[in-house]
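2 protein chains.
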Amino acid sequence: MEIAQVILALAVIFILAKVSSRIFAKLGVPGLIGEIILGILIVSIPVGDYSLFEWIASEFDPSPGSSVTVHEIIEVFSELGVIFLLFTVGLETKVTDLTSVGKAALLVAVMGVIVPFIVGYLFVTVTGGNMYTSMFMGAAMVATSVGITARVIKDMKLMDAKESRIIIGAAVIDDILGMIVLAIVSGMARTGKVDVVNILVVSLTAIVFVLAVLFVAGKVIPIIYDKIQAQRAEKILKDPNYIPPGFNMFVVAIATCLAFAYVADIAGLAMIIGAFLAGMLFAEHAWEWKLEEKFESISALFVSFFFVYVGMNVDIQVFIDDPALLGTALILIVLACLTKFVGCGLGAKIAEPHMEMSSVSIIGTGMMPRGEVGIIVALLGLGMEILSNDMYGIIVLMCIATTIIAPPILSVLFKKKYNSPYAIRDSDRL
Amino acid sequence: MEIAQVILALAVIFILAKVSSRIFAKLGVPGLIGEIILGILIVSIPVGDYSLFEWIASEFDPSPGSSVTVHEIIEVFSELGVIFLLFTVGLETKVTDLTSVGKAALLVAVMGVIVPFIVGYLFVTVTGGNMYTSMFMGAAMVATSVGITARVIKDMKLMDAKESRIIIGAAVIDDILGMIVLAIVSGMARTGKVDVVNILVVSLTAIVFVLAVLFVAGKVIPIIYDKIQAQRAEKILKDPNYIPPGFNMFVVAIATCLAFAYVADIAGLAMIIGAFLAGMLFAEHAWEWKLEEKFESISALFVSFFFVYVGMNVDIQVFIDDPALLGTALILIVLACLTKFVGCGLGAKIAEPHMEMSSVSIIGTGMMPRGEVGIIVALLGLGMEILSNDMYGIIVLMCIATTIIAPPILSVLFKKKYNSPYAIRDSDRL
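As given, the protein sequences belong to chains W and G, one line each in that order.
Numbering-wise (the numbering used here), the first sequence opens with residue 1 and increments by one.
Numbering-wise (the numbering used here), the second sequence opens with residue 431 and increments by one.
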């Protein structure tokens with residue numbers, strides 16, 4: 001391994017990713033989409049006998065095999081990126097918030113999981129896919145990307161609108177439900193057995209893991225935290241010069257995050273589920289320990305590699321060989337939008353039968369974007385060889401499309417209802 | 431590559447490194463020494479037919495070659511760690527500070543470079559080493575680790591003492607001089623030619639590179655910065671709602687850091703020199719852009735891997751095979767302490783002939799620790815195959831020893847002179 005070659009490749013890809021992200025953000029599109037498209041381009045653009053990526057990864061002197069190490073390093077960075085990303089999602093998911101969301105948010109979330117899952121599952125089954133592929137498609141359809149909708153709401157300064165509160169509340173529940181669905185689906189796919197016992201074992205593992213973390217985060221940690229605080233206060237009362245031992249909570253958080261990712265893996269679940277749950281453990285005190293800020297710094301380094309890697313795995317040749325796939329992708333995109341719209345809308349209507357249609361539409365649209373969460377599911381399925389290149393490609397397209405389509409519609413609907421004077425102003429990164 | 435295997439290895443080594451660091455810090459020894467010793471131990475402790483590292487790096491299921499990928503990943507993390515570490519050292523080296531240090535600091539720095547270099551060079555030449563090895567030993571002897579002494583001074587609340595100001599000022603100049611020495615030494619070793627032309631070319635490249643950065647940092651950047659600020663102020667005057675485009679300076683800094691590291695490499699210098707100079711470019715506004723804070727977050731992740739990797743490269747077998755090496759190491763340690771003490775002391779005496787011996791001693795002792803900087807030089811020499819395993823081992827020992835010895839002596843000398851009531855209190859990390 002030539003270390004300068006690795007550093008050059010990391011530098012070039014990092015810089016290109018950030019520039020792409022910025023260009024897309026300027027156009028009002030989430031920056032991550034720019035990074036995914038960059039990834040698609042660098043492996044697709046041929047320069048002589050090699051791809052652009054192979055040139056970059058070999059100090060511009062490609063030969064067979066010269067870019068293998070860099071590819072592996074980028075895969076590791078990508079995996080760490082998605083682990084840290086899910087940890088930060090977990091950081092934003094407080095157990096106390098979960099218990100305080102209303103009936104409407106709960107029903108919106110549950111219906112927004114059930115309807116897309118069933119439709120995604122049936123879509124693949126009808127087109128001839130096997131059960132595992134169907135389940136992964138269902139799981140990818142279930143995903144909701146909280147970040148993108150929240151950004152729109154914040155930019156319009158409508159955080160206090162009733163619809164906003166329901167959407168944000170539902171998104172939190174949705175994260176948990178989505179993780180449970182993914183845990184069950186990936187766990188079953190991994191063991192490869194489809195008997196009732198296996199379904200029960202995997203489901204139980206996933207649910208017990210999640211419930212255990214919810215219990216620890218909600219009950220155990222507050223008790224320990226309060227006890228330590230009380231002890232410190234007592235010691236300071238006795239000796240005003242006493243300085244409590246300063247644990248570096250950021251280091252503890254990174255260690256927990258990596259350890260949980262691995263434990264999830266050996267428990268038969270996806271590593272990102274472990275990372276997400278680890279994040280939840282720190283959610284209540286994340287602000288006090290500046291964890292969000294600090295993880296943002298390491299995410300700024302790693303997460304771009306994840307989205308570039310997502311793009312690098314999209315094989316555009318499958319669309320060239322079979323243009324009909326684009327039609328399939330289009331159908332999936334329509335289904336993805338409709339199922340969230342109908343599912344979440346229905347949930348809202350059941351919870352509050354007298355809710356106006358304008359509010360129902362806002363909620364349905366706000367829950368549409370799949371963003372990074374759907375893409376994570378897709379890449380996981382590809383890595384497990386459950387999703388074909390075709391399927392992976394159309395799921396990534398679906399996630400990109402729902403993420404681009406929803407924000408402008410949402411802002412129009414919000415403007416119509418609230419006459420908000422604020423235009424959408426997408427910041428430079430997610 | 432099994433990604434779970436890599437994540438597990440990173441998690442285990444990260445956790446062990448932080449625990450070691452903490453244990454050593456509790457004992458009043460800089461944490462990085464704990465991390466180096468951990469690195470030595472994991473490759474030296476045999477568990478059955480394999481080393482502890484091979485067990486960790488193979489999900490506890492070692493077989494020949496099973497830990498190769500993890501080793502490569504750790505090497506990349508280590509290299510990124512040292513690049514970011516040198517960038518942060520650069521961040522603390524403001525050009526404006528350079529021009530304002532006094533005559534005493536300047537002479538202390540210059541004499542503290544010349545004396546140790548000559549003695550280090552002669553030491554290897556006398557014991558039969560070749561010219562390149564001698565030069566690398568000289569460069570390793572030159573290094574001063576600002577951080578460790580500064581920590582002692584801060585803990586004793588003596589930042590305003592005259593000796594403290596001279597030490598900190600000298601350390602800044604020392605960083606620049608040390609980088610120039612290293613650039614010349616490594617550049618010459620790389621080309622492998624020892625004619626006058628080559629020495630001139632390499633020295634010129636190094637000096638031009640450093641001067642160019644000093645010029646850009648000191649003259650060009652302030653002009654651009656002021657111009658941009660003036661333009662923004664004007665636009666805001668015209669339109670109070672104008673929001674200036676928010677560049678993410680952290681991303682710009684990472685990109686510059688990696689790019690400069692690579693440019694230094696192709697210019698025939700070490701990558702860390704590029705990283706250090708890149709840091710200097712951002713030094714003036716590092717506080718405004720919160721760069722120190724943010725780089726501290728990514729350093730917390732990467733830098734431990736560097737020190738562990740330093741330890742992993744120490745082959746304790748050489749000391750077992752030839753115990754006389756320990757004697758050589760001891761002589762080198764004594765020389766390392768004496769040369770800085772005499773060189774820097776002499777510099778101080780020349781600048782201020784009436785300076786009390788108690789002050790001269792403080793300055794001489796304060797400049798002793800080689801810390802991470804000497805170790806970086808050693809690892810670079812090992813990687814270039816200029817330093818043998820023996821030489822690498824004794825330099826690491828020397829760096830560890832000077833780093834451990836200096837702080838307690840310094841604190842005793844300071845206490846004697848100033849009757850400072852503060853005991854040394856080493857924080858949990860450097």
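Beta carbons: idealized from backbone N, C-alpha and C, even for Gly.
For this session: Check whether the Cβ atoms of Ala336 of chain W and Thr402 of chain W sit closer than 8 Å, and answer yes or no.
Result: On the first sequence, position 336 is the one that residue 336 of chain W refers to. On the first sequence, position 402 is the one that residue 402 of chain W refers to. Their beta carbons are under 8 Å apart, which means Ala336 of chain W touches Thr402 of chain W by this criterion.
Problem set entry | Own chain residues within Cβ distance below 8 Å of Leu413 of chain W, not counting five before or after | Residue numbering aside, residue 413 of chain W sits at position 413 when the first sequence is read from its first letter. Closer than 8 Å at the Cβ level, and outside the excluded window around Leu413 of chain W, lie Ser358, Ser361, Ile362 and Thr365.
Exercise. Below 8 Å between beta carbons: does that hold for Val181 of chain W and Ala139 of chain W?
Worked result: If you number the first sequence from 1, residue 181 of chain W lands on position 181. If you number the first sequence from 1, residue 139 of chain W lands on position 139. Cβ atoms of Val181 of chain W and Ala139 of chain W: closer than 8 Å.
Exercise. Considering only C-alpha positions, which residue in the set W:Glu59, W:Pro353, W:Ser134 and W:Glu54 is nearest to Val185 of chain W?
Worked result: Position 185 of the first sequence, counting from 1, holds the residue named residue 185 of chain W. Ranked by how close their Cα comes to the Cα of Val185 of chain W, the residues W:Glu59, W:Pro353, W:Ser134 and W:Glu54 have W:Ser134 in first place.
Problem set entry | Spatial neighbours of Ala4 of chain W in its chain, beta-carbon cut-off 6 Å, leaving aside the 5 residues before and after | Start at 1 with the first residue of the first sequence, and residue 4 of chain W comes out as number 4. Around Ala4 of chain W: no qualifying Cβ.
Exercise. Does the count of Cβ pairs from the stretch 256-265 of chain W and the stretch 56-73 of chain W closer than 8 Å reach three?
Worked result: Result no; under three Cβ-Cβ pairs closer than 8 Å.
For this session: Compare the Cα-Cα distances from Leu457 of chain G to each of G:Asn849, G:Pro838, G:Asn671 and G:Ile603 and report the closest residue.
Result: Translated into the one-based positions of the second sequence, residue 457 of chain G becomes position 27. Comparing Cα-Cα distances from Leu457 of chain G to each of G:Asn849, G:Pro838, G:Asn671 and G:Ile603, the minimum goes to G:Pro838.
Problem set entry | Check whether Phe209 of chain W and Leu277 of chain W have beta carbons under 8 Å apart | Here residue 209 of chain W corresponds to residue number 209 of the first sequence, with the count starting at 1. Here residue 277 of chain W corresponds to residue number 277 of the first sequence, with the count starting at 1. For Phe209 of chain W and Leu277 of chain W, yes; Cβs fall inside 8 Å.
Problem set entry | Partner residues on chain G for Ala300 of chain W, Cβ-Cβ distance less than 7 Å | By 1-based counting over the first sequence, the position of residue 300 of chain W is 300. Under the 7 Å cutoff, chain G gives Phe680 and Val681.
Exercise. Residues bridged to Val477 of chain G by DSSP?
Worked result: Sequence index remark: in the second sequence, residue 477 of chain G carries index 47 (1-based). Bridge partners of Val477 of chain G: G:Tyr480.
For this session: Please confirm if Lys18 of chain W has its CB atom under 8 Å from at least one CB of chain G.
Result: Working through the first sequence from its first residue, we reach residue 18 of chain W at position 18. Among the CB atoms of chain G, one or more fall inside 8 Å of the CB of Lys18 of chain W.
Exercise. Under a CB-based cut-off of 8 Å, is Phe444 of chain G close to chain W?
Worked result: Taking the first residue of the second sequence as 1, we reach residue 444 of chain G at position 14. It does; some Cβ of chain W falls within 8 Å.
Exercise. What is the DSSP secondary structure of Lys94 of chain W, counted as helix, strand or coil?
Worked result: Taking the first residue of the first sequence as position 1, residue 94 of chain W is located at position 94. Here Lys94 of chain W sits in coil by DSSP.
For this session: Could you tell me which uninterrupted alpha helix (DSSP H) segments, each at least 4 residues in length, are contained entirely in the stretch 357-390 of chain W, listed from first to last along the chain?
Result: Those alpha helix (DSSP H) runs which fall completely within the stretch 357-390 of chain W and span 4+ residues are 357-366 and 371-383.
Exercise. By Cβ distance, which residues of its chain are closer than 6 Å to Leu809 of chain G, with the 5 residues on each side in sequence left out?
Worked result: In the second sequence, residue 809 of chain G corresponds to position 379, counting from 1. Excluding sequence positions up to five before and after Leu809 of chain G, its CB lies within less than 6 Å of the CB of Val740, all in the same chain and listed in chain order.
For this session: Output yes or no for whether 8 Å exceeds the beta carbon distance between Val251 of chain W and Ile166 of chain W.
Result: Here residue 251 of chain W is taken as the residue at index 251 of the first sequence, counted from 1. Here residue 166 of chain W is taken as the residue at index 166 of the first sequence, counted from 1. Going by C-beta atoms, Val251 of chain W is not nearer than 8 Å to Ile166 of chain W.
For this session: List the residues of chain W that Asp751 of chain G touches, going by C-beta distances under 9 Å, in chain order.
Result: Along the second sequence, one-based indexing puts residue 751 of chain G at 321. Here the premise fails: no neighbours, minimum Cβ distance about 29 Å.
Exercise. What span of residues does the alpha helix (DSSP H) with Lys657 of chain G cover, start to end?
Worked result: The sequence position of residue 657 of chain G within the second sequence is 227, counting from 1. Element bounds for Lys657 of chain G: Ile651 to Lys668.
Exercise. Around the C-beta of Leu91 of chain W, are 16 or more other C-beta atoms found within 10 angstroms, so that it is buried, or is it exposed?
Worked result: By one-based count along the first sequence, residue 91 of chain W stands at place 91. Burial call: buried.
For this session: Taking Thr769 of chain G as the reference, give the member of G:Met541, G:Leu471, G:Lys847 and G:Leu630 with the closest Cα.
Result: Within the second sequence, numbered from 1, the residue matching residue 769 of chain G stands at position 339. Answer by Cα proximity: G:Met541.
Exercise. Is the distance from the Cβ of Ala534 of chain G to the Cβ of Ala781 of chain G below 8 Å?
Worked result: One-based indexing of the second sequence puts residue 534 of chain G at position 104. One-based indexing of the second sequence puts residue 781 of chain G at position 351. Remark: C-beta atoms of Ala534 of chain G and Ala781 of chain G approach each other more closely than 8 Å.
For this session: Flag this pair as yes or no: are the beta carbons of Tyr672 of chain G and His715 of chain G separated by less than 8 Å?
Result: The sequence position of residue 672 of chain G within the second sequence is 242, counting from 1. The sequence position of residue 715 of chain G within the second sequence is 285, counting from 1. Not a contact, by the Cβ cut-off of 8 Å.
Exercise. Can you list, in chain order, the residues of its chain whose CB lies under 7 Å from that of Ser58 of chain W, leaving out five sequence neighbours each side?
Worked result: Locating residue 58 of chain W in the first sequence gives position 58, counting from the first residue. Excluding sequence positions up to five before and after Ser58 of chain W, its CB lies within less than 7 Å of the CB of Gln5, Ser66 and Ser67, all in the same chain and listed in chain order.
For this session: Name the residue from G:Arg662, G:His784, G:Gly698 and G:Leu756 whose alpha carbon lies nearest to the alpha carbon of Met821 of chain G.
Result: Walking along the second sequence from the start, residue 821 of chain G turns up at place 391. Closest by C-alpha distance to Met821 of chain G, out of G:Arg662, G:His784, G:Gly698 and G:Leu756, is G:Leu756.
Exercise. In three-state DSSP terms, what is Val740 of chain G?
Worked result: In the second sequence, the residue the question calls residue 740 of chain G occupies position 310. In the structure shown, Val740 of chain G falls within a helical segment according to DSSP collapsed to helix, strand and coil.
For this session: Keeping to the same chain, check which residues put their C-beta closer than 6 Å to that of Gln124 of chain W; ignore five residues upstream and five downstream.
Result: As a first step, residue 124 of chain W is located in the first sequence; it is residue number 124 there, counting from the start. A small correction: the amino acid at residue 124 of chain W is Val; Gln does not occupy that position in the sequence shown. Cβ within range, chain order: Thr133, Ser134 and Met137.
Exercise. Quick one: is Leu817 of chain G buried, meaning 16 or more other Cβ sit within 10 Å of its Cβ, or exposed?
Worked result: Mapped onto the second sequence, residue 817 of chain G falls at position 387. By the 16-neighbour rule on beta-carbons within 10 angstroms, Leu817 of chain G is buried.
Exercise. Along chain W, in chain order, which residues have C-beta atoms closer than 8 Å to that of Ala441 of chain G?
Worked result: Locating residue 441 of chain G in the second sequence gives position 11, where the first residue counts as 1. Ala255, Leu258, Ala259, Ala261 and Tyr262, listed in chain order.
For this session: Report yes or no: is there a C-beta of chain W within less than 8 Å of the C-beta of Ile503 of chain G?
Result: Counted from its first residue, the second sequence places residue 503 of chain G at position 73. Chain W contact via Cβ: present.
Problem set entry | Contacts that Leu52 of chain W makes with chain G (C-beta to C-beta distance below 7 Å) | Position 52 of the first sequence, counted from the first residue, corresponds to residue 52 of chain W. Within 7 Å Cβ-Cβ: nothing; Leu52 of chain W doesn't reach chain G, min ~18 Å.
For this session: Can you tell me which of W:Pro62, W:Ile37 and W:Ala170 puts its alpha carbon nearest to the alpha carbon of Gly48 of chain W?
Result: In the first sequence, the residue the question calls residue 48 of chain W occupies position 48. The shortest C-alpha separation from Gly48 of chain W is found at W:Pro62.
For this session: Could you confirm whether any beta carbon from chain W is found closer than 8 Å to the beta carbon of Thr499 of chain G?
Result: Position 69 of the second sequence, counted from the first residue, corresponds to residue 499 of chain G. Closer than 8 Å to some Cβ of chain W, the Cβ of Thr499 of chain G qualifies, so yes.
Problem set entry | Helix, strand or coil at Trp289 of chain W according to DSSP, with G and I counted as helix | Counted from its first residue, the first sequence places residue 289 of chain W at position 289. Of the three classes helix, strand and coil, the one that applies to Trp289 of chain W here is coil, per DSSP.
Exercise. Does the beta-carbon distance from Leu516 of chain G to Ser729 of chain G come in below 8 Å?
Worked result: Within the second sequence, residue 516 of chain G is the residue found at index 86, counting from 1. Within the second sequence, residue 729 of chain G is the residue found at index 299, counting from 1. No, Cβ-Cβ distance for Leu516 of chain G and Ser729 of chain G is not below 8 Å.
Exercise. For Ala713 of chain G versus Thr523 of chain G, is the C-beta distance shorter than 8 Å?
Worked result: Indexing the second sequence from 1 puts residue 713 of chain G at position 283. Indexing the second sequence from 1 puts residue 523 of chain G at position 93. Cβ distance < 8 Å, so Ala713 of chain G and Thr523 of chain G count as in contact.
Exercise. What number of angstroms, rounded off, separates the C-alpha of Leu382 of chain W from the C-alpha of Met188 of chain W?
Worked result: As a first step, residue 382 of chain W must be located in the first sequence, where it is residue number 382. As a first step, residue 188 of chain W must be located in the first sequence, where it is residue number 188. Rounded to the nearest angstrom, the two C-alpha atoms are 15 Å apart.
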